[in-house]
Structures are given as structure tokens and as C-alpha cells.
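Before any comments, here is the structure.
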Amino acid sequence: MKTPAFFFGILLMVIFGGGFMIRFFRDGDFYIAVFTVGVAGILLTAISLYLAKKQSHIEN
38 MKTPAFFFGI LLMVIFGGGF MIRFFRDGDF YIAVFTVGVA GILLTAISLY LAKKQSHIEN
């Protein structure tokens, strides 16, 4: 399960998603670029988990 896509997705989600949430709740600012990269991190993490689960199911 140690795939680079999983860790890169987590990295994007934590850095950009966390920064987005802090700015949004503190100042009310909505930066579309930061939001998009945060969502891309969530999608990348979900897709890599799905593919890892699918691959482990095929091997068993």
C-alpha cells in the first residue's frame, strides 16, 4: 500500500486543504486554486486506495 500517489495525495490534502480551511473559517476568503488542489489531493488519495484494494483483491 506504500504507493507514491497515496502519500502525495495526503501531502496535497493536508497542506492545501488545511490552508484553505484555516483561511475560509478565519477570514471568509475562498481561493479557488487552493480549494482545487485540496480536492485533487482528496481524489488522488481515494483513487490510490481504491487501486491498492483492487490489486490486493486480484492477488488473493
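For our numbering, count along the sequence shown from 1 and bump the result up by 37.
Even for Gly, the Cβ is constructed at its ideal location relative to N, Cα and C.
Look up F44 in the DSSP assignment and say whether it is helix, strand or coil. Residue numbering aside, residue 44 sits at position 7 when the sequence shown is read from its first letter. Note: F44 maps to helix in three-state DSSP.
With distances taken Cα to Cα, identify the nearest neighbour of G55 among F45, P41, F72. As a first step, residue 55 must be located in the sequence shown, where it is residue number 18. The shortest CA-to-CA distance from G55 to any of F45, P41, F72 is the one to F72.
Hey, G78 and M58 are a contact pair by Cβ (cut 8 Å); roughly how many whole angstroms apart? Taking the first residue of the sequence shown as 1, we reach residue 78 at position 41. Taking the first residue of the sequence shown as 1, we reach residue 58 at position 21. Contact flag wrong, Cβ pair sits at about 13 Å.
Give the single residue among G46, R63, Y68 whose Cα lies nearest to the Cα of L25. The structure shown does not extend to residue 25, since the chain spans only 38 to 97, so no value can be given for it.
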